[in-house]
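Written out below as structure tokens is the structure these notes cover.
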Amino acid sequence: MYSVYKLITTPTPFYMPKRIVFEVSGALKLHNELQLVGVEKGSKIFLVLDPALKGLEHVIKTVKGLEENGYVVDTYTDVEYEPSIECLRRAVEYIRKDDFKAVIGIGGGSTLDIAKVSAAAKDNPGRDVEEFIGMDKIPKRLTPVIALPTTAGTASEVSRYTVFTRGVGKVGINGYNVLPDIAVVDPVFTYTLPPKITAGTGLDALSHAVEGMISLDASPMSDALGFLSIELVFKYLRRAYYKGSDTEARYFMSLAATSAGAPLNIGRAILGHSISQTFGPQFKVHHGTACGMVLPYIMEFYLTAVPEKLAAMAKAAGIDTTKLKVREAAEEAVKAAWKLLEDLDIPLSLRDIGVSKAELETLAERSVKEWPRPNSPIELTKERVLKVIEAMYEGRLMKIKN
Ligand SMILES: [Fe+2]
5 MYSVYKLITT
15 PTPFYMPKRI
25 VFEVSGALKL
35 HNELQLVGVE
45 KGSKIFLVLD
55 PALKGLEHVI
65 KTVKGLEENG
75 YVVDTYTDVE
85 YEPSIECLRR
95 AVEYIRKDDF
105 KAVIGIGGGS
115 TLDIAKVSAA
125 AKDNPGRDVE
135 EFIGMDKIPK
145 RLTPVIALPT
155 TAGTASEVSR
165 YTVFTRGVGK
175 VGINGYNVLP
185 DIAVVDPVFT
195 YTLPPKITAG
205 TGLDALSHAV
215 EGMISLDASP
225 MSDALGFLSI
235 ELVFKYLRRA
245 YYKGSDTEAR
255 YFMSLAATSA
265 GAPLNIGRAI
275 LGHSISQTFG
285 PQFKVHHGTA
295 CGMVLPYIME
305 FYLTAVPEKL
315 AAMAKAAGID
325 TTKLKVREAA
335 EEAVKAAWKL
345 LEDLDIPLSL
355 RDIGVSKAEL
365 ETLAERSVKE
375 WPRPNSPIEL
385 TKERVLKVIE
395 AMYEGRLMKI
405 KN
């Protein structure tokens with residue numbers, strides 16, 4: 005018997021919101037959450053909404069529920085996909101003009117990121133958003149933030165991270181004062197997601213769990229939620245993909261995504277997100293789909309560094325590992341991720357999405373330079389990362405027969 009947990013001598017803080025409400029149709033009771041955080045009836049609420057969801061019946065009912073319970077809702081929809089710093093600045097200018105008592109975000113990761121940072125910016129007047137870039141650069145936040153995810157993947161509703169586009173690159177405004185106070189996870193919002201988005205966002209959740217658990221900063225508490233997330237993704241993502249109206253599968257995929265927020269917050273992403281954040285935006289591949297594509301390759305890459313962790317992941321994925329040696333079980337986890345991608349019709353090679361061989365070296369260089377990962381258990385050099393990217397180009401794992 006081996007242990008997947010290690011004694012950690014450095015501080016291992018655990019970050020999640022103060023309250024996470026997980027409930028089908030929980031969005032219709034948002035007024036209760038506002039009252040809980042001391043926002044009185046009659047108060048003005050800054051509601052950041054994904055513009056694509058404006059006409060959605062469940063959103064209309066959610067806003068109506070707030071208004072019927074005495075709140076004045078100002079719905080703000082100037083949100084871009086993968087929002088720019090300029091887009092964030094516009095939201096900050098808007099929120100600073102009025103006396104909003106709380107911020108609610110309803111949408112995917114982009115919308116929730118705008119909601120989280122604009123609330124914090126309101127409480128730090130006179131400062132430009134550029135000053136907030138980095139970790140814990142926001143001095144304070146008093147305005148309550150309630151986050152409602154409408155996909156099952158980004159975990160932005162429970163995370164202390166945000167991502168914004170600046171020029172050709174990405175920047176993060178991260179830290180304690182970015183973390184929402186309350187997450188209301190209502191799976192009803194995900195019922196109408198198309199199959200491709202269902203697969204991509206579900207794989208984003210899986211990659212948060214897997215990467216955050218392989219990370220040097222993983223903690224037993226965040227691992228516990230990571231294992232739960234892996235189990236749920238392998239049980240329910242195929243069902244949600246093939247039959248969007250499967251409400252049980254939708255429920256558990258929402259739970260999987262929010263649970264994966266713990267390893268994402270604590271362990272944080274490693275090589276998978278570095279590579280996917282590089283080729284994804286360049287070749288217009290959805291963030292989660294790109295993270296999913298790279299997942300079996302990076303799991304194989306880390307096989308020698310954390311075999312016990314990967315073996316335990318295989319078990320969480322539903323594989324009977326009782327008769328397997330640690331290494332064999334770990335390899336089964338890689339194969340299970342590969343099989344999942346096949347079943348979800350995800351491209352398995354960089355060639356399939358139009359990347360040329362001549363571009364591989366630049367992708368490796370950018371992955372290492374733009375997305376350094378001191379929390380990676382294998383030091384990330386350009387040479388090592390290039391090998392992973394070359395295997396991915398061919399669509400063949402390096403050592404394991406797939
Ligand atoms: Fe992600």
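Taking our numbering, the leading residue of the sequence shown gets 5, the next gets one more, and so forth. Glycine included, each C-beta is placed from N, C-alpha and C at the ideal position.
Cβ neighbours of Pro21 within its own chain (closer than 8 Å, five residues either side excluded): Ala151, Glu161, Val162, Leu183, Pro184, Asp185, Ile186, Ala187. Bridge partners of Gly111 according to DSSP: Pro153. Three or more pairs of CB atoms, one per stretch, sit closer than 8 Å, so the segment 260-273 contacts the segment 207-224.
Proximity of the beta carbon of Cys91 to ligand 1 is not indicated: no heavy atom of the ligand is located closer than 8 Å. Listed in chain order, the alpha helix (DSSP H) runs fully inside the segment 47-75 are 61-72, counting runs of at least 4 residues. Between the segment 94-102 and the segment 119-136, the count of Cβ pairs shorter than 8 Å is three or higher; the stretches touch. By the beta-carbon neighbour count (other beta carbons within 10 angstroms, threshold 16), Leu116 is buried.
Considered as a whole, the segment 266-335 harbours 275-286, 291-305, 311-320 as its complete alpha helix (DSSP H) runs of no fewer than 4 residues, in chain order. Asp324 and Gly130 have their alpha carbons spaced roughly 58 Å apart.
For Thr158, the distance from the CB to the nearest heavy atom of ligand 1 is below 8 Å. Taking C-alpha positions only, Ser278 is separated from Met303 by approximately 14 Å. Look at His62: its beta carbon is at least 8 Å from all of the heavy atoms in ligand 1. The C-alpha of Ala228 lies about 10 Å from the C-alpha of Ile234. Spanning the alpha carbons of Val43 and Ala106 requires a straight line of approximately 7 Å. Relative to ligand 1, Ala123 has its C-beta separated by 8 Å or more from all heavy atoms.
Collapsing the DSSP output to three states places Tyr165 in coil.
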